[in-house]
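Each residue of the sequence shown is one higher than the one before, counting from 317 in the working numbering.
Ideal Cβ positions, reconstructed from N, Cα and C, are used throughout, including at glycine.
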Amino acid sequence: MKKRVLAIFLCLALLCNVADAQLRIGIAGGPQLSSVPGSLNPGWDTLQYKHNSRLGWRAGVVADMRLGQRSPIYLQSGLFFSTKGQRFSLKYDSANNGVNEVRGFQYTNYFEVPLKLLLKVKLGKNTRMVIGGGAYAGFLFNGTEEKRVYQSNNTVQTSRNTDLKIPIVPGDYPNIEYGVKGLFGFEFGRVILSGHYSQGLTEFYTSDYAAGNFRHRTMSVSLGYYIFESKGKAQRQKNRVRDKDKDSVADEADECPTEAGSAATGGCPDSDGDGVADKVDKCAQVAGKAKYRGCPVPDTDKDGINDEEDKCPEAAGLKKYQGCPAPDADKDGITDEEDKCPQAAGNAKYKGCPVPDTDKDGVNDEEDKCPKTKGLKDNQGCPVIRKAIVTKVETAARRIQFNYKSILLLPQSKKVLNEVVKILKENPELNVAIYGHTSSDGNPNNHYRLSYARAYSVKIYLESKGISPFRVTAEGMGATQPLVKGNSEKALARNRRVEMRLSSE
């Protein structure tokens with residue numbers, strides 16, 4: 317029997333070692349009520365059979381093993397000393413061979429090895445409800461059998477056997493019995509409170525003289541305590557500091573346990589090293605601030621100075637002015653640093669200075685048609701040409717004549733032009749524009765060519781007398797601007813002309 321018990325425990329230990337499961341070992345015990353219902357039925361009408369329960373105890377070592385790191389299912393076994401048996405009496409209705417009554421008991425004690433599956437339901441932080449069942453094997457340890465026969469002559473015959481393995485009366489007590497067990501209870505941390513029920517499936521006693529059903533039935537209550545607890549390999553590994561990605565951040569605290577990171581980012585990668593994990597960093601490749609979700613401090617005006625340091629975040633400026641634009645005292649849009657005239661509004665063309673007025677006539681050079689000669693604003697900055705001079709030039713122009721259908725000046729025309737040369741030399745600020753005109757008769761294709769050639773002939777003459785080419789312009793107008801209308805010879809003659817206009821531009 318001892319070898320069988322030892323073998324069972326070796327198997328259990330081996331199972332625990334292979335599974336490296338979460339194992340708890342404790343002690344438990346309590347009262348047990350055992351009975352053998354309907355244990356004897358000889359079939360004789362003259363007998364009145366009664367049986368009574370035996371109150372004993374059950375105690376021993378319990379071990380349970382969790383089937384999976386998070387499973388609520390447990391495998392439980394153990395080794396218990398269990399008292400079982402019954403008290404019985406047989407009363408005869410009439411004297412039978414001088415016997416009135418037989419009283420006795422069958423007390424058997426077993427080493428019991430249960431094997432159960434349990435479901436543990438968590439009710440609170442340290443409280444679990446336990447329910448389960450399984451089978452058991454009971455190994456007969458010892459026992460006592462006693463019978464007292466009450467004779468009709470008032471004598472009592474007693475027979476007693478304390479070694480049930482060697483029967484002294486007909487009958488047999490097998491060394492092993494098998495049965496099923498059920499359990500219901502609660503665990504409070506390491507404390508166990510449970511109720512048990514068992515029913516034998518094999519007969520613990522075989523009678524040679526009567527048919528019967530000798531099977532144990534027990535009910536017990538036990539109180540226990542787990543004195544040893546092994547977390548198992550999985551739990552021990554869990555309790556160890558696990559760092560799957562080797563980033564020195566324990567997996568239980570690592571928000572990215574499979575990607576190396578840093579403690580500052582909860583174990584997650586941080587490509588730009590700004591302390592903001594890539595998974596929430598909107599600018600994962602550029603260092604920034606958590607305030608801006610991992611992006612750099614914004615620079616709204618794009619002046620290279622971030623908004624936190626920029627005194628003028630909406631206007632591009634310079635670092636030396638704390639992000640504000642360079643000052644512009646005269647408000648001309650040109651900063652004082654680039655403005656050659658910071659106290660006078662100007663424009664960029666003149667580096668911040670006003671448009672110059674070379675002749676100081678109050679008309680700036682851009683509006684002054686005579687920028688080097690003082691003039692009047694009403695005359696676009698040019699001086700007013702004396703009427704007498706204008707009259708002389710216009711009169712001279714009317715006296716200019718050419719050979720017929722030619723660009724050659726007549727001799728008397730040169731004398732007239734000499735007067736114009738004199739006026740231009742006496743008034744160097746004056747310029748002259750020469751316009752050639754033709755009549756409408758003849759080939760229109762030649763009108764412009766001829767009118768320009770005659771005007772140009774006058775220009776060449778003036779230049780030959782020392783007048784700068786820059787002061788004289790020539791333009792042919794063709795027949796587009798007739799002086800008089802009509803096709804008479806007189807009208808045509810008047811339209812063939814040269815006009816000269818003076819200007820001081």
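Residue 689 places its beta carbon less than 9 Å from that of residue 699. With at least 16 other beta carbons inside 10 angstroms of its own, residue 818 counts as buried. Within its own chain, the residues whose Cβ lies closer than 6 Å to the Cβ of residue 516, once the five positions on either side in sequence are excluded, are 493, 495, 531 and 532, listed in chain order. Going by DSSP, residue 425 is part of the beta strand (DSSP E) stretching over 415 to 438. Within the same chain, Cβ atoms closer than 7 Å to the Cβ of residue 575 are found at 561, 584 and 585, the five residues on either side in sequence being excluded.
In the structure shown, residue 740 falls within a helical segment according to DSSP collapsed to helix, strand and coil. Residue 351 sits close to residue 367, with the two beta carbons spaced by under 9 Å. DSSP, reduced to helix, strand and coil, places residue 763 within a helical segment of the structure shown. Relative to residue 389, the option among 423, 447, 403 and 417 whose CA is nearest is 447. For the set 711, 756, 592 and 414, the Cα lying nearest the Cα of residue 468 is the one of 414.
For residue 710, the uninterrupted alpha helix (DSSP H) segment begins and ends at 703 to 714.
In this structure, the CA atom of residue 382 is about 37 Å from the CA atom of residue 521.
In summary, residue 638 is exposed, with fewer than 16 beta-carbon neighbours lying within 10 Å of its beta-carbon over all protein chains present. Of 717, 797 and 758, the smallest CA-CA separation from residue 774 is found for 717. Per the Cβ contact rule, the stretch 417 to 430 is in contact with the stretch 450 to 457 (3 or more Cβ pairs under 8 Å). One thing to note: residue 670 has its Cβ within 9 Å of the Cβ of residue 657.
Per DSSP, reduced to three states, the secondary structure at residue 520 is coil, with no helix or strand assignment.
Excluding five sequence positions before and after residue 509, the CB atoms of its chain that fall closer than 7 Å to its own CB belong to 501, 502 and 539, given in chain order.
Exclusion of the five residues before and after residue 544 leaves 341 as the residues of its chain whose Cβ lies within less than 6 Å of its Cβ. Distance from the CA of residue 799 to the CA of residue 649, rounded to the nearest whole angstrom, comes to 52 Å. Annotation: the continuous alpha helix (DSSP H) that includes residue 807 extends over 805 to 811.
By the neighbour-count criterion, in which a residue is buried when 16 or more other Cβ atoms sit within 10 angstroms of its Cβ, residue 713 is buried.
Around the beta carbon of residue 759, a 10 Å sphere encloses fewer than 16 other beta carbons of the protein chains shown; the residue is thus reported as exposed. Nearest in C-alpha terms to residue 722, of all of 705, 770, 711 and 695, is 770. By the Cβ-count criterion, residue 816 is buried, with 16 or more other Cβ atoms from all chains shown falling within 10 Å of its own Cβ. Residue environment for residue 782: exposed (fewer than 16 other C-beta atoms within 10 angstroms of its C-beta). In this chain, the beta strand (DSSP E) harbouring residue 339 covers 339 to 351. In this structure, the CA atom of residue 763 is about 33 Å from the CA atom of residue 743. Where residue 756 is concerned, there is no enclosing beta strand (DSSP E), because DSSP gives it neither an H nor an E. About 7 Å separates the beta carbon of residue 546 from that of residue 338, a gap short enough to meet the 8 Å contact definition. Rounded to whole angstroms, the gap between the alpha carbons of residue 419 and residue 377 is 35 Å. One thing to note: residue 616 has its Cβ within 9 Å of the Cβ of residue 630. Taking C-beta atoms as the reference points, residue 697 and residue 686 count as a pair closer than 9 Å.
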